[in-house]
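Below: the structure, in structure tokens.
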Amino acid sequence: MAASAASVLLATLAACGSNDSTSAQDDVAHAAESPPIANAEGAGTVEPKKRASESASATTVASSSVLDAARENCTADLYELANRAETEITVLESASTPTGAAVSLMIDGAAAPWSCTTDDSGNVRDLYYSAKEG
Numbered sequence: 002m003a004a005s006a007a008s009v010l011l012a013t014l015a016a017c018g019s020n021d022s023t024s025a026q027d028d029v030a031h032a033a034e035s036p037p038i039a040n041a042e043g044a045g046t047v048e049p050k051k052r053a054s055e056s057a058s059a060t061t062v063a064s065s066s067v068l069d070a071a072r073e074n075c076t077a078d079l080y081e082l083a084n085r086a087e088t089e090i091t092v093l094e095s096a097s098t099p100t101g102a103a104v105s106l107m108i109d110g111a112a113a114p115w116s117c118t119t120d121d122s123g124n125v126r127d128l129y130y131s132a133k134e135g
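This is the structure in structure tokens:
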């Protein structure tokens with residue numbers, strides 16, 4: 002199977018020196034579109050690596066949708082629990098966590114914010130008032 006990868010490379014290099022109607026860039030593009038090749042030992046396949054920007058954007062989109070769901074669900078749960086209008090509840094901050102999201106909320110006139118944690122789908126796991134008794 003390693004010979005297959007080598008033959009693709011040789012064909013690409015040969016195209017660089019030829020005057021065919023296809024360019025070396027076209028050959029490289031077609032080689033990049035071909036299916037994964039087996040590794041040297043013949044076990045498994047070698048997949049092309051994703052660019053860091055592709056991985057980061059996918060993570061950002063996932064994090065963004067989880068944060069949106071977390072903010073919405075935490076606000077709705079606090080609205081029901083505190084029996085206050087949603088317009089009286091403000092999201093102070095929200096952040097992704099390894100297991101979901103953390104959201105800090107404030108009810109107009111409250112002495113301290115409420116804390117909310119969610120799972121990785123934005124479902125509320127915990128909602129509590131953060132003021133210390135005392």
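The opening position of the sequence shown corresponds to residue 2 in my numbering, with each subsequent residue numbered one higher.
Here a beta-carbon is modelled for each residue, glycine too, at the ideal position from N, C-alpha and C.
Beta carbon of residue i nearer than 9 Å to that of residue j
| i | j | result |
| --- | --- | --- |
| Thr98 | Thr118 | yes |
| Leu128 | Met107 | no |
| Ser66 | Gly123 | yes |
Spatially closest choice to residue i from the options, by CA coordinates
| i | options | result |
| --- | --- | --- |
| Arg72 | Leu79, Ser64, Val104 | Val104 |
| Ala113 | Thr91, Thr100, Asn124 | Thr91 |
| Asp69 | Ala96, Arg85, Ala132 | Ala96 |
CA-to-CA distance, residue j to residue i, given in whole angstroms
| i | j | result |
| --- | --- | --- |
| Arg126 | Gly110 | 25 Å |
| Leu82 | Glu134 | 19 Å |
| Asp121 | Asn74 | 12 Å |
| Ser64 | Asp78 | 21 Å |
| Ala86 | Ala132 | 21 Å |
| Tyr130 | Ser116 | 6 Å |
| Thr88 | Tyr80 | 9 Å |
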